[in-house]
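*Asks:* Submitted below is the structure of interest, expressed as structure tokens.
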Amino acid sequence: MEEMRRIDGLMSPYKAHSELARVNAQASRRAVPVGPDMLAVVQRAQRFSELTHGAFDITFASVGHLYDYRNGRRPDAQTIESLLPAISYRHIHMDARAGLIAFDRPGVRIDLGGIAKGYAVDRALARLRRLGVRHALVSAGGDTGILGDRLGRPWMVGIRDPRNHDAVVAMLPLQDEALSTSGDYERYFEEDGVRYHHIIDPGTGGSAGALHSVSVLGPDATTTDALSTSLFVMGVRKGMALVDSLDGIEAIMVDRSGELYFSDGLASVGTESTAH
């Protein structure tokens, strides 16, 4: 919990004195010194942006910070259009040796919500390993990291039905791996029959709309956290094509009609669930 709180203190968009808040306040005017955790997470985020051709982009916050899911507020179309040019991971510049981050234009903001929880899970697991723990499960919301097994058997982790809080769409046996789920049911509000949720498509500045949820299995939670967000934006066809191109990565997707899609390595799970 100490490690979780430490990462949250650095990367929370809700804490006025977090390192993230300082970057957002100053990086458009000058290069901002940051610590090794912030530098590592932003570097990883940039690599996922390149891998996904911008489907993952932490500068979505240039528009995304105007959504208020608790009070049901969103920016209008004109505001979104005026701010869209600020969304591009290419606006972020880093000097890794000096530990500096800068933005190359005004109005750019970053949000690490699509990767920081996974990073916190991985850091917590690393701390447990240093303490000699060999079997553990660490979870932060939709991100879970697993060390070892559970009493000689795999941990059984359920994938939640995105439209039924009490149901699961699949149960997965996990051991020494990570699982992340991104869904349109985590933070959202509805207006005129439209669900506005927190997974923003960097290309439009609006909520990505093709899927209800994406779950990703992989070697570490930083990777699965970023990829679950990416695939949610990319949709089934492009998302599964990316999964198929990556070693050690599997995915489960639920589209807007409730259909399930499983990557090739999870075909047996898909058969058991009588899914596509």
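With the working numbering applied, the sequence shown covers 207 to 482.
Cβ coordinates follow ideal geometry from the N, Cα and C atoms, glycine included.
The structure presented is a predicted model; accordingly, all values stated were derived computationally and were not measured.
Please state if the CB of A414 and the CB of G324 are separated by a distance shorter than 7 Å.
*Replies:* Taking the sequence shown and counting its residues from 1, the one referred to as residue 324 is at position 118. Taking the sequence shown and counting its residues from 1, the one referred to as residue 414 is at position 208. No.
*Asks:* Locate the alpha helix (DSSP H) running through I213, then write down its first and last residues.
*Replies:* Position 7 of the sequence shown, counting from 1, holds the residue named residue 213. Here the alpha helix (DSSP H) through I213 covers E208 to M217.
*Asks:* Cutting at 8 Å between CB atoms, please list the residues of its own chain near M244, excluding the five before and the five after it.
*Replies:* Taking the sequence shown and counting its residues from 1, the one referred to as residue 244 is at position 38. Contacts found: L216, M217, E225, L226, V229 and I307.
*Asks:* Considering N370, what are the terminal residues of the alpha helix (DSSP H) in which it resides?
*Replies:* Here residue 370 corresponds to residue number 164 of the sequence shown, with the count starting at 1. No alpha helix (DSSP H) holds N370; the beta strand (DSSP E) holding it covers N370 to L380.
*Asks:* By the three-class DSSP mapping on this structure, what secondary structure does T477 have?
*Replies:* As a position in the sequence shown, residue 477 is number 271, starting the count at 1. Because T477 carries a pLDDT of 47, less than 50, the predicted location of this residue cannot be relied on, and no value is offered for it.
*Asks:* Ignoring anything shorter than 4 residues, give me the alpha helix (DSSP H) runs that lie fully in the region 234 to 275, in order along the chain.
*Replies:* DSSP runs (the alpha helix (DSSP H)) wholly in the region 234 to 275: 242 to 257 and 267 to 270.
*Asks:* Return helix, strand or coil for R329, following the three-state DSSP convention.
*Replies:* Your numbering for residue 329 matches position 123 in the sequence shown. Helix at R329.
*Asks:* Given a cut-off of 7 Å, decide if S388 and F309 are closer than it, judged by their beta-carbon atoms.
*Replies:* If you number the sequence shown from 1, residue 309 lands on position 103. If you number the sequence shown from 1, residue 388 lands on position 182. The answer is no: Cβ separation not under 7 Å.
*Asks:* Could you tell me the boundaries of the alpha helix (DSSP H) in which R228 lies?
*Replies:* As a position in the sequence shown, residue 228 is number 22, starting the count at 1. Start and end: E225 to Q232.
*Asks:* Can you give me the start and stop residues for the beta strand (DSSP E) that E397 sits inside?
*Replies:* Taking the sequence shown and counting its residues from 1, one reaches residue 397 at position 191. Taken as a continuous stretch (DSSP letters only), the beta strand (DSSP E) holding E397 covers Y394 to E397.
*Asks:* Name the one or two DSSP bridge partners that S386 has.
*Replies:* The residue labelled residue 386 in the question sits at position 180 within the sequence shown. S386 is bridged to D349 and V422.
*Asks:* State buried or exposed for L417, treating a residue as buried only when at least 16 other CB atoms are found within 10 Å of its CB.
*Replies:* Taking the sequence shown and counting its residues from 1, one reaches residue 417 at position 211. It is buried - the Cβ of L417 has at least 16 other Cβ atoms within 10 Å.
*Asks:* Could you pull the start and end residues of the beta strand (DSSP E) that A457 belongs to?
*Replies:* Counting from one through the sequence shown, the residue named residue 457 turns up at place 251. Element bounds for A457: E456 to D461.
*Asks:* Do S386 and V422 have their C-beta atoms closer together than 7 Å?
*Replies:* As a working mapping, residue 386 is identified with position 180 in the sequence shown. As a working mapping, residue 422 is identified with position 216 in the sequence shown. Contact flag set, yes.
*Asks:* Have a look at G454, G424 and V460 and flag the residue whose alpha-carbon is nearest the alpha-carbon of M440.
*Replies:* Locating residue 440 in the sequence shown gives position 234, where the first residue counts as 1. With distances taken between Cα atoms, M440 lies closest to V460.
*Asks:* For M207, which residues of its own chain have a beta-carbon under 6 Å away from its beta-carbon, when the five flanking residues on both sides are left out?
*Replies:* In the sequence shown, counting from the first residue as 1, residue 207 sits at position 1. Result list for M207: empty, nothing under 6 Å.
*Asks:* For the beta strand (DSSP E) containing I298, list its first residue and its last residue.
*Replies:* The residue labelled residue 298 in the question sits at position 92 within the sequence shown. First-last of the beta strand (DSSP E) with I298: I298 to D301.
*Asks:* I'd like to confirm the pairing. Which residues does DSSP put opposite D367 in its beta bridges?
*Replies:* Residue 367 sits at position 161 when you count from the first residue of the sequence shown. According to DSSP, D367 bridges with N370.
*Asks:* Around the Cβ of E256, are there at least 16 other Cβ atoms within 10 angstroms (buried) or fewer (exposed)?
*Replies:* Numbered from 1 along the sequence shown, position 50 holds the residue referred to as residue 256. Exposed is the call here.
*Asks:* According to DSSP, simplified to helix, strand and coil, what is A342?
*Replies:* Translated into positions along the sequence shown, residue 342 becomes position 136. Strand, per DSSP.
*Asks:* Measure the CB-CB distance between G313 and A283 and report whether it falls below 7 Å.
*Replies:* Counted from its first residue, the sequence shown places residue 313 at position 107. Counted from its first residue, the sequence shown places residue 283 at position 77. No, the pair does not count as a contact, with Cβ atoms beyond the cut-off.
*Asks:* Determine whether the Cβ of A326 lies closer than 7 Å to any Cβ atom of chain D.
*Replies:* Absence of chain D from the displayed structure is noted, only one protein chain being present.
*Asks:* Beta-carbon within less than 6 Å of R280's beta-carbon, same chain only, minus the 5 sequence neighbours each way: which residues are those?
*Replies:* In the sequence shown, counting from the first residue as 1, residue 280 sits at position 74. Y273 and Y402.
*Asks:* Taking 8 Å as the threshold, find out whether the region 377 to 386 comes into contact with the region 355 to 369 through three or more Cβ pairs.
*Replies:* Yes, since at least three Cβ pairs between the region 377 to 386 and the region 355 to 369 fall closer than 8 Å, the two stretches touch.
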